[in-house]
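Residue numbers (the working numbering), protein chains in the order written: chain F, -7 to 385; chain Z, 6 to 346.
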């Protein structure tokens, strides 16, 4: 075996090479523009970069924004009012959107429905009338409403044809359009989580802050409290608390009562996170420096410690929103939460309580779909935010 | 170990007291009580004769006493009209709506509630354990991706909606009622083998429905824990020394990863129990769930109070078991003198 036969052996006659440029001793400390950008970026900037890489979270965010557009613009998006009854179309099935009629392009339209009563089962039977083409109108004037309860308007994104109907996902037992119901329901269902989480953040920051900063007896009392509340099953307590809301309250008060109830049982998780973060941050030098310079506890907590974990709080708050949305849905479904005339997804689902009715009119289950989408999206978004919350890791 | 068990059980007593107080406070929140509402209704309809009886009942159940006294009487730490006669003495109160003692109303539902909850916990353990190990040891395989995807869906699908969807689908495709405790033909029949099988078959769907999200969470947790361990050097050392892959897995990393797995199920129990309450309502299972709902709606305070307390105690016992399991597995907890609560 000779040397030449070996793989990877250096070639024999390499010329001695010397780099003519002078040696720069700081070469390892100099940064590429890319690195420089990274080091000079603010914490939030880096978080945003990191978040953007989580594609699923970004798309979930986009979906949620679309859903949340229903909150301010429900009246414009929904073709009907939330409680508008159409006594001619009780339990009408969904009218599918078509584009082509007899092979000809007409744009989005629905076929009109003819209804007759089935004398045997005493149910309305709806059949599509293939000759009755009802094109959907866009940017049109339709049912009038009071925009944000302030001024009268009748502008809609889309409306049924003149004299026609447009029940995209059918109607319920009183002939109320399900699609419009979903759009209006988003208003309460989607905000209930936000308001509830706000309450929970305030409580969590307060108790967690006290426990983590002062420690001692206060800490152990609050810790015990957190443990006990966390060991209780949430839903039965929510049920009991919302059953305690007076029936005579107006829907607005019931709504706020519900958000408080939802927030009331949710704060322990947050408080615990705040406490453990505070305990570690309190030992940091900058916190000690602030104390030594005579800053009061309130200032130390809010000015020096809080900014250190705002991102964590936002992430874990995002993750607890879906539980609240579900809580409201469950309570309203059980008749313990919101009631008509207030419309939320849980209130709509209330119609689906009787399973034999649902078997005949499956579109009553429609609210399940947006609920699952929103809950999934919030979970993905929260995951992405949580990963991004610690950008230096 | 015995010392640890005793201390752990003793620690439950103050917790129980706080919980019972909270429960009592919550059920007393609505203004008035069942009987005074009845009296008001009777007064409105001008009926005087039954009012005297109701007034007597109000005295009998000491509803006319101040709040703290009522609480202590309910728990059995204060003499009521009949001496010490409360929860501690085994008197669970009186259901006004059913006009029966609470134990007769909820009695038949309690065994099923306990069975359902423990079946769910068992389901979560049994399903998530092998899947978690599989996902971790074959990371990024198709199976792993499949389970991760299923897990995400399972985690996010609310259990009562899942129950509703399943009810609908079964009804639609098989014309089968998955709700209820047994097939309709067995109701009021004497117990037989077929009837027992029917009950079991009807328990499967709710168990899966309640357990799905918990299972998904546990799979994720076990996978993450095990992955952390699998990348450590002692595993490489073991492999280099020629240990068989299975033996290596069971002997070292799995033992490390299983600890947080069991600790976590303690945190899951409250959500499992709360899931069982609403799923029972949706699927009309005769557990305490539907009774609680109707008791809350009719303001039947002793009944709802007892059920709330019962459900809370059930979770506490679940957590106790998971803590004890943890102590069996981990000598640091057993001998360390620091309780893992």
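Beta carbons: idealized from backbone N, C-alpha and C, even for Gly.
With DSSP as the reference, please indicate the residues paired to residue i in a beta bridge.
| i | result |
| --- | --- |
| residue 145 of chain F | F:137 |
| residue 85 of chain F | DSSP, once it has assigned bridges, lists no residue as partnering residue 85 of chain F. |
| residue 100 of chain Z | Z:105 |
| residue 93 of chain F | F:96 |
| residue 126 of chain F | F:102 |
| residue 110 of chain F | F:115 |
| residue 62 of chain F | DSSP lists no partner for residue 62 of chain F. |
| residue 121 of chain F | F:104 |
Residues in its own chain within less than 7 Å of residue i by CB, not counting five upstream and five downstream?
| i | result |
| --- | --- |
| residue 80 of chain Z | 25, 91, 92 and 93 |
| residue 7 of chain Z | none |
| residue 161 of chain F | 86, 170, 171, 355 and 358 |
| residue 201 of chain F | 266, 270 and 293 |
| residue 76 of chain Z | 26 and 29 |
| residue 74 of chain F | 172, 173, 176 and 335 |
| residue 125 of chain Z | 212, 215, 216, 277 and 281 |
What residues of chain F sit near residue i, judged by a beta carbon separation below 8 Å?
| i | result |
| --- | --- |
| residue 313 of chain Z | 228, 229 and 232 |
| residue 321 of chain Z | 223 |
| residue 302 of chain Z | 235, 327 and 328 |
| residue 316 of chain Z | 225 and 228 |
In chain order, what residues of the same chain lie with their CB nearer than 8 Å to the CB of residue i, ignoring the 5 residues before and after it?
| i | result |
| --- | --- |
| residue 99 of chain F | 91, 127 and 128 |
| residue 129 of chain Z | 216, 219, 220, 223, 270, 273 and 277 |
| residue 17 of chain Z | 321 and 325 |
| residue 190 of chain F | 255 |
| residue 109 of chain F | 115, 116 and 117 |
What does residue i touch in chain Z if you count any residue whose Cβ is under 9 Å from its own?
| i | result |
| --- | --- |
| residue 98 of chain F | Those within 9 Å of residue 98 of chain F in chain Z number zero; the least Cβ separation is about 33 Å. |
| residue 246 of chain F | Under the 9 Å cutoff, chain Z gives no residues; its nearest Cβ is about 14 Å from residue 246 of chain F. |
I want to verify the contact list: residues of chain F whose CB lies under 9 Å from the CB of residue i, in sequence order.
| i | result |
| --- | --- |
| residue 17 of chain Z | Per Cβ cutoff of 9 Å: no residues; residue 17 of chain Z is ~10 Å from chain F at best. |
| residue 324 of chain Z | 223 |
| residue 210 of chain Z | Per Cβ cutoff of 9 Å: no residues; residue 210 of chain Z is ~13 Å from chain F at best. |
| residue 43 of chain Z | Neighbours of residue 43 of chain Z on chain F: none; closest Cβ ~16 Å, over 9 Å. |
| residue 24 of chain Z | 220, 223 and 224 |
With a threshold of 6 Å on Cβ separation, who are the neighbours of residue i within its own chain once the five nearest residues in sequence on each side are excluded?
| i | result |
| --- | --- |
| residue 194 of chain F | none |
| residue 137 of chain Z | 224, 227 and 228 |
| residue 82 of chain Z | none |
| residue 313 of chain Z | 28 |
Starting from the beta carbon of residue i, find every residue of chain Z whose beta carbon is closer than 8 Å, and list them in chain order.
| i | result |
| --- | --- |
| residue 371 of chain F | 157, 160 and 161 |
| residue 357 of chain F | 169, 170 and 173 |
| residue 322 of chain F | 163, 165 and 283 |
| residue 240 of chain F | By Cβ distance, chain Z contributes nothing, its closest Cβ being about 10 Å from residue 240 of chain F, past 8 Å. |
| residue 265 of chain F | Simply none; closest approach about 14 Å. |
| residue 351 of chain F | 173, 176 and 177 |
| residue 55 of chain F | Simply none; closest approach about 13 Å. |
Given that residue i touches chain Z, what residues does it touch there, using C-beta distances under 7 Å?
| i | result |
| --- | --- |
| residue 367 of chain F | 161 and 163 |
| residue 153 of chain F | Those do not exist, as residue 153 of chain F stays about 32 Å from chain Z at its closest Cβ, beyond 7 Å. |
| residue 318 of chain F | 163 |
| residue 344 of chain F | 169 |
For residue i, which residues in chain F fall below 7 Å Cβ to Cβ?
| i | result |
| --- | --- |
| residue 118 of chain Z | Chain F residues near residue 118 of chain Z: none, gap ~12 Å exceeds 7 Å. |
| residue 136 of chain Z | The premise fails here: residue 136 of chain Z is roughly 19 Å from chain F at the closest Cβ pair, so nothing lies under 7 Å. |
| residue 278 of chain Z | 225 |
| residue 20 of chain Z | 220 |
If you measure beta-carbon to beta-carbon, which residues of the region 209 to 233 of chain F are closer than 9 Å to chain Z?
216, 217, 219, 220, 221, 222, 223, 224, 225, 226, 227, 228, 229, 230, 231, 232 and 233
Which residues, taken in chain order from the region 94 to 105 of chain Z, show a beta carbon closer than 9 Å to some beta carbon of chain F?
none
Contact list for the region 290 to 309 of chain F against chain Z, Cβ threshold 7 Å
none
If we require 3 or more residues per run, which beta strand (DSSP E) segments fall completely within the region 267 to 313 of chain F?
none
Could you name the residues of the region 153 to 176 of chain Z whose beta carbon sits closer than 7 Å to any beta carbon of chain F, in the order they occur along the chain?
160, 161, 162, 163, 165, 166, 169, 170, 172, 173 and 176
Write down every uninterrupted run of the alpha helix (DSSP H) in the region 140 to 206 of chain F whose length is 4 residues or greater and which is fully enclosed by it, in chain order.
Unbroken alpha helix (DSSP H) stretches of 4 residues or longer found wholly inside the region 140 to 206 of chain F: 170 to 206, given in chain order.
What are the complete alpha helix (DSSP H) segments, minimum 4 residues, inside the region 65 to 101 of chain Z?
72 to 80
Just list the alpha helix (DSSP H) runs in the region 217 to 305 of chain Z, keeping only unbroken ones of 4 residues or longer that don't cross its boundaries, in chain order.
238 to 245, 250 to 256, 258 to 287 and 293 to 302
At what residue ranges does the region 328 to 370 of chain F contain a whole run of the alpha helix (DSSP H), taking only runs of 4 or more?
337 to 341 and 347 to 352
Please give me, in chain order, every unbroken run of the alpha helix (DSSP H) with length at least 4 that falls completely inside the region 118 to 205 of chain Z.
147 to 161 and 164 to 179
Residues, ordered as in the chain, of the region 287 to 302 of chain Z that lie near chain F by beta-carbon distance below 7 Å:
297, 298, 301 and 302
At 4 residues or longer, what runs of the alpha helix (DSSP H) sit wholly inside the region 14 to 59 of chain Z?
39 to 49
Residues within the region 244 to 275 of chain Z neighbouring chain F, beta-carbon criterion of under 7 Å
275
What residues in the region 215 to 239 of chain Z have a beta carbon less than 8 Å from any beta carbon of chain F?
none
Of the residues that make up the region 123 to 151 of chain Z, which ones have a beta carbon closer than 9 Å to any beta carbon in chain F?
Here the close residues number zero.
When Cβ atoms are compared, which residues of the region 83 to 107 of chain F fall closer than 8 Å to chain Z?
none
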